[in-house]
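Peer 1:
2 protein chains.
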Amino acid sequence: MKLTPVMEKYILHWGEMGTRWGVNRTVAQIHALLFLSSRPLNAEEITETLGVARSNVSTSIKELQSWGLLKTVSQMGDRREHFSTMKDPWELFYTIMEGRKQRELDPTMTVLRECVLESEIDNETPEEVKARIKDVLEFMETLDTWHDQIKDLPKSTLLKLIKLGAKVKNFLGKT
Amino acid sequence: MKLTPVMEKYILHWGEMGTRWGVNRTVAQIHALLFLSSRPLNAEEITETLGVARSNVSTSIKELQSWGLLKTVSQMGDRREHFSTMKDPWELFYTIMEGRKQRELDPTMTVLRECVLESEIDNETPEEVKARIKDVLEFMETLDTWHDQIKDLPKSTLLKLIKLGAKVKNFLGKT
DNA sequence: TATGAATTTCTGTTAATACAGAAATCAAAG
DNA sequence: CTTTGATTTCTGTATTAACAGAAATTCATA
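The listed protein sequences correspond, in order, to chains H and L.
Final position of the first sequence in my numbering is 240; the numbers increase by one with none missing.
Final position of the second sequence in my numbering is 240; the numbers increase by one with none missing.
#1: What residue from 211(H), 224(H), 216(H) has the CA that sits closest to residue 228(L)'s CA?
#2: Among the residues of its own chain, which have a CB less than 6 Å from the CB of residue 180(L), if the five just before and after it don't count?
#3: To which residues of the same chain is residue 155(L) closer than 8 Å at the C-beta, ignoring the five residues directly before and after it?
#4: In the DSSP assignment, what are the bridge partners of residue 146(L)?
#5: Can you have a look at residue 140(H) and say buried or exposed, based on whether 16 or more other CB atoms are within 10 angstroms of its CB?
#6: Quick one: what's residue 106(L) bridged to in DSSP?
#7: Starting from residue 173(H), trace the alpha helix (DSSP H) both ways and give me its first and last residue.
#8: Report all residues from its chain with a CB closer than 8 Å to the CB of residue 82(L); omit the five preceding and five following residues, and keep chain order.
#9: Using the three-state DSSP reduction, which class does residue 133(L) fall into: helix, strand or coil?
#10: If you reduce the DSSP assignment to three classes, tell me which class residue 218(L) lands in.
#11: Let me check understanding here. Comparing Cα to Cα, which of 79(H), 67(H), 78(H) lies closest to residue 112(H)?
#12: Could you tell me the alpha carbon to alpha carbon distance between residue 239(H) and residue 214(H), rounded to whole angstroms?
#13: Could you pull the start and end residues of the alpha helix (DSSP H) that residue 92(L) belongs to?
#14: Hey, residue 98(H) and residue 76(H): beta-carbon distance below 7 Å or not?
#15: Looking at chain L, which residues of the stretch 145 to 161 of chain H have a Cβ within less than 8 Å of any of its Cβ atoms?
#16: Compute the beta-carbon to beta-carbon distance between residue 71(H) and residue 183(L), rounded to the nearest angstrom, for a pair I have assumed lies under 8 Å.
#17: So, is the C-beta of residue 240(H) closer than 7 Å to a C-beta in chain L?
Below you can see the structure in the form of structure tokens.
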């Protein structure tokens, strides 16, 4: 697939950002490419367009799939799998949030619960520390609940909620 | 500073999580240590407690400071600087959000705006691609506005907003 | 301004990660 | 059962990041 300079810029930047999010450059670049592409691409096309190793593409596709970011499309008369991704930034955002929740929030809450349990019986962890850990756990549980509540809301509702946020601020600002 | 097994577990886990967020392990561990600590610690104490190189602590402290996560405290009769961090998870969360916004959202919006401008005049970027990039930019601007609106809200107000979110969901669910 | 303690910067080493290319495995169609 | 194309796994290399120790710098105090 032929990239225009702007598409290249977009993809390269996305790749850089990816490294800040704990996914490697190639993974982020592939996602950006599929996001811009008007049609599903197969692994070979991705390899050629981005100029990375075929094997790298294979690994990265698996990674993107584990995030639930890829749709796999079979085309008539072509054995090769073709990949595409969601075009709606909101949907994308949610999917990534879901992934982060599973990879970061859930395991952390598990560890924190263990910490709370163990500190109840170890007779050496200071009360202050116990309380602090409980605070973090509670905070994360609130985030988790919130995530649960909004994860299925349609985009339009979410936008309303955001505007609501603004109103609450204005209201509170005047009192 | 002496760590109990639970504190150690907490700090080690936080370090692991740090690597998923683009900060290195030591940075995250130092932050976790200061978070649990009942008093500000100096660089030497941090070094001994975590068993990492003194120079590493120095670099990591600078990194944490650049995120606005450290308070520096001078103690009477002690030339050394002592460091502490916020104890309120919400405040912490906001501070990190602010940092991420500056490091990720802001530069990305800049690049996207450049992409939009350049694609207006390059006569080669497909309309579809232009639209897609604009969508992402618009999405990020919405996030940015939202961030602006809620960043100064007190914790209590935010909690109310979250509960409101639940109500909106329930309401919509019934119609 | 000289001194000494503390911090920061510099340098070399080690460890971890990203990556390409080759080899092996798998799956569908004839 | 074989062929063909695709994916996955394996292996070696290169790049990046983490780290320790040494050197240099900073800064408060005398």
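Note that the Cβ used here is the ideal one computed from N, Cα and C, for glycine as well.
Peer 2: Taking the coordinates as given:
#1: Closest option to residue 228(L), judged by alpha-carbon separation, among 211(H), 224(H), 216(H): 211(H).
#2: So the list reads 198, once near-sequence residues are dropped.
#3: Result list for residue 155(L): 220, 223, in chain order.
#4: The partner list for residue 146(L) (beta bridge, DSSP) reads 139(L).
#5: Exposed, since its Cβ has fewer than 16 Cβ neighbours within 10 Å.
#6: Answer is 148(L), bridged to residue 106(L).
#7: Per DSSP, the unbroken alpha helix (DSSP H) holding residue 173(H) starts and ends at 171 to 186.
#8: Excluding positions up to five away in sequence, the list reads 93.
#9: The answer is coil: DSSP assigns residue 133(L) none of H, G, I, E or B.
#10: The DSSP-derived three-state label of residue 218(L) is coil.
#11: For residue 112(H), the closest of 79(H), 67(H), 78(H) by C-alpha to C-alpha distance is 67(H).
#12: Confidence in residue 239(H) is poor, its pLDDT being 48 and thus under 50, which makes the residue's placement too unreliable to answer from.
#13: Unbroken alpha helix (DSSP H) run through residue 92(L): 90 to 101.
#14: It is a contact, given that the beta carbons lie within the stated cut-off.
#15: Against chain L - using a Cβ distance shorter than 8 Å - the residues of the stretch 145 to 161 of chain H are 152, 153, 154, 155, 158.
#16: Contact between residue 71(H) and residue 183(L) holds: their C-beta atoms lie close to 5 Å from each other, under 8 Å.
#17: Reliability fails at residue 240(H), whose pLDDT of 41 lies under 50, so the model's placement of it is uncertain and no value is given.
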